[in-house]
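2 protein chains.
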Amino acid sequence: MQRVRIKDVAREAGVALSTAALALRDDTKLRPETRRLVRDAAARLGYVYDRSAALMRSGKSHTIGLLVCEITNPFYAELTAGVEEALDEAGFVVMLANTSESVARQRRMLERFREQPVDGVLIMPATGTPPGLLEDLERWRLPHATVVRSFRRGAHAGPDNRAGTRLATEHLLALGHRRIAFLGGGARNSVSRERWDGYARAMAKAGLASEHLPCRTDIGEAAALVQALPADGPTALVCFNDSVAFGATLGLLRSGRLPGRDVAVIGFDDIREAAAWFPPLTTIRVSPRGMGQAAARVLLERITQPEGPPRREILAPRLIVRESCGAPLRPKG
Amino acid sequence: MQRVRIKDVAREAGVALSTAALALRDDTKLRPETRRLVRDAAARLGYVYDRSAALMRSGKSHTIGLLVCEITNPFYAELTAGVEEALDEAGFVVMLANTSESVARQRRMLERFREQPVDGVLIMPATGTPPGLLEDLERWRLPHATVVRSFRRGAHAGPDNRAGTRLATEHLLALGHRRIAFLGGGARNSVSRERWDGYARAMAKAGLASEHLPCRTDIGEAAALVQALPADGPTALVCFNDSVAFGATLGLLRSGRLPGRDVAVIGFDDIREAAAWFPPLTTIRVSPRGMGQAAARVLLERITQPEGPPRREILAPRLIVRESCGAPLRPKG
DNA sequence: CGCGGCGAGTGGAACGTTCCATTGTGGAGG
DNA sequence: CCTCCACAATGGAACGTTCCACTCGCCGCG
């Protein structure tokens, strides 16, 4: 009652080992009848392909390592789903590591992946990742791509963050707001910088002053901050992302203000919950799932053509108008 | 500029290949000086361990396959994080597959994992999984464990769902509620059955009639259902889980009722957002992260002791009182 | 003084594929 | 009738570890 190997299938089918191997890969060098014969024998014996042996000989593992900065964040969870979906379609399996924004853990898992070995790695860099990591990846000749957060160079897929917050800010300006603050962000990563930048530039262009309300990306923290905001504070909030925006609406509710009527709130990401929120959240859609798929494609291209230049795919965001900026509010007491 | 192998390290250190291999595993059969010598040589050459070769010879991949029914659900995302954390600590790597509740995809990914090969699989069975899957796993002699949703037998870690909804229902009864409905669930899986069961039994014990408001586990759907509820409907809702409870509070708000004052809402799971919600959600805590860790432990035990009986770890839930059930109802009702 | 046992290190087979070079066969072309 | 080629199938080395059996000194003991 041992495991069934190609050898056993070959014996059962009455052909040579290498013939059986060829047949199982459905190689056209073999006559269809022979392939048939071997397949039937394999099915009869319950043969299971052993990728580890194949990997050892061929050097291709058909496996990629995925480094997620925080999988419990719905946005990254959705992104992970997109990556997994696209890679599965291409016949790849995903090795998962959740770094929880720990640079040390990220480093450790990367080395693990290298041992495994994987054919490439897809990274959402933890906040504070040193540029040395990119250099290591290059030195190791490990095909890699980043998603959302990026390094200065290397394959990448992510949203156009500047365009996103610009869109958001201009929408608020068009609605007549003048005192518009930027809520959240402030972390030392490319996304925070770019989103702030898009907002600040739009404000400058309108001849208005920027105002930063920094907080961590956490519903509770954002809620507390907004709850404490004075009545003569900003009339509109461009939020770092939807989670922060959710916090903002909760904070307004708790202090007796109605989001959308008293203070306009606009998010970023358009995560699944945004449409169902109260009030439904106006936000910038970037489709995390689509970005995950794009990133997977970019990485696969890197793996198959390691010599070509790394591709950077920047996805255009879209403004989704709902009710948190004072569009038709439901008449409600 | 080839990859560095143990052979190369051995040559550099001036020892035999097998000695070098032993040294790299830090085997106590070797003198500390020798181990040192080899380690230094390995570091000098930039040696990277190749797990695939080790796997082939030893049959141990130190890899487990994780089948998640829906990773974009925050509860399962948190659970995934727990699994990954615990397995990493034990030196295992996680292969991820998101089945999106598709039985076909689940089956396909399971066969892929088998080829990989993994040392075991951790499964959150997709809704509608046939019992045949368990039989296949047993026939394949693939160590396995389930989390949250379970089969009739086999290793498992999950919450005591009956006790959870019983706790919730008794809490509402103690607050004076009489007309209590169960919102959500209804899917054909063990969790739905058990949660309904705990609620129904508690109601029966109090001599009251059960009432089922079935809906899918989706904020929007729950919100719409609750919004349409008549004013003389139930005064309290035991929800299938927190997402459904979130939907319920949104539905109440939209129809001009205040959750906690007009209608009591109680959730299940205590996901991260529950505490920050408006109003903060009273719920049943099951700690998805803790459950993920427990499941990982149970599976590892299965892998190291395949002969022993599979362990089933049922975690006691805890009632977390916040504000969504209001202060005790006055006799007025 | 011989023998057993132990510590430290060595040599080589084995794992299950893939890949390459090779064989045998039948038919077309000269 | 021989040569050459394409096709179909075969044989065996190689991948980088692990594992087991083995050697070689050296020490203690009867």
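Sequence lines, in order, name chains A and B. Numbering-wise, this note's numbering puts 98 at position 98 of the first sequence, and it's gapless, one number per residue. Numbering-wise, this note's numbering puts 1130 at position 130 of the second sequence, and it's gapless, one number per residue. Virtual Cβ for every residue (Gly too), placed ideally from N, Cα, C.
- For residue 136/A and residue 220/A, the gap between their C-alpha atoms comes out near 37 angstroms.
- Put simply, of 1052/B, 1056/B, 1048/B, 1015/B the residue whose alpha carbon is nearest the alpha carbon of residue 1038/B is 1015/B.
- DSSP, reduced to helix, strand and coil, places residue 313/A within a strand of the structure shown.
- In the DSSP assignment, residue 123/A falls within the unbroken beta strand (DSSP E) covering 120-123.
- Among the residues of the stretch 104-115 of chain A, those with a Cβ less than 9 angstroms away from any Cβ of chain B are 105, 108, 109, 111, 112, 113, 114, 115, in the order of the chain.
- Of the other Cβ atoms in all chains shown, 16 or more fall within 10 Å of the Cβ of residue 114/A; this residue is therefore buried.
- Under the 8 angstroms criterion on CB atoms, residue 71/A is classed as interfacial with respect to chain B.
- Restricting attention to 74/A, 117/A, 141/A, 104/A, the CA atom closest to the CA of residue 242/A is found in 74/A.
- Beta-bridge pairing by DSSP links residue 1137/B to no other residue.
- If you ignore the 5 residues before and after residue 239/A, its C-beta comes within less than 7 angstroms of the C-beta of 183, 184, 245, 248, 265, 266, 267, 268, all in its own chain and listed in chain order.
- Annotated three-state conformation of residue 1086/B is helix, per DSSP.
- Residues of the same chain with a CB within less than 6 angstroms of the CB of residue 78/A, apart from the 5 flanking positions on each side, are 288, 289 in chain order.
- Secondary structure note for residue 1280/B: it is in no beta strand (DSSP E), with a DSSP letter that is neither H nor E.
- Secondary structure at residue 1228/B: coil, using DSSP grouped into helix, strand and coil.
- With fewer than three CB-CB distances shorter than 8 angstroms, the stretch 1117-1125 of chain B does not count as touching the stretch 1277-1285 of chain B.
- Classified as buried, residue 1150/B has 16 or more neighbouring CB atoms from the shown chains inside 10 Å of its CB.
- Considering only 1218/B, 1258/B, 1103/B, the residue with the shortest C-alpha distance to residue 1072/B is 1218/B.
- Looking at the DSSP output, residue 144/A shares a beta bridge with 121/A.
- Neighbours of residue 1278/B in chain A, taken as residues whose beta carbon is under 7 angstroms from its own, are 250, 253, 254 in chain order.
- The beta-carbon separation of residue 234/A and residue 180/A, rounded to 6 angstroms, stays under the 8 angstroms limit for a contact.
- Distance from the Cα of residue 98/A is smallest, within the candidate group 1095/B, 1100/B, 1312/B, for 1095/B.
- Annotation: residue 1020/B has no Cβ neighbours in chain A at a cutoff of 8 angstroms; minimum Cβ distance is about 16 angstroms.
- The continuous alpha helix (DSSP H) containing residue 171/A extends over residues 161-174.
- Under DSSP, residue 258/A forms no beta bridge with any residue.
- At a C-beta separation below 8 angstroms, residue 302/A has no neighbours in chain B, since its nearest C-beta there lies roughly 19 angstroms away.
- Listed in chain order, the non-local C-beta contacts of residue 1022/B below 7 angstroms within the same chain comprise 1029, 1030, local neighbours out to five positions each way being set aside.
- Counting along the chain, no beta strand (DSSP E) covers residue 1048/B, and no H or E run does either.
- Cβ-Cβ distances below 6 angstroms link residue 215/A to 184, 221, 222, 225 in the same chain, with the five nearest sequence neighbours on each side left out; the list follows chain order.
- Ranked by Cα distance from residue 1148/B, the first of 1082/B, 1212/B, 1176/B, 1107/B is 1082/B.
- The CB of residue 51/A comes closer than 8 angstroms to the CB of 1115, 1116, 1117 in chain B, given here in chain order.
- For residue 247/A, the nearest CB of chain B lies under 8 angstroms from its own CB, placing it at the interface with that chain.
- Proximity to residue 189/A across 161/A, 173/A, 177/A peaks at 161/A, based on C-alpha coordinates.
- Neighbours of residue 1056/B across chain A, judged by C-beta separation under 7 angstroms: 52, 53, 56.
- For the stretch 1074-1095 of chain B, the residues whose beta carbon sits under 8 angstroms from a beta carbon of chain A are, in order, 1074, 1077, 1078, 1080, 1081, 1084, 1085, 1088, 1093, 1094, 1095.
- Assignment of residue 75/A by DSSP, reduced to helix, strand and coil, places it in the helix class.
- Following the DSSP letters along the chain, one finds residue 1319/B inside the beta strand (DSSP E) bounded by residues 1318-1320.
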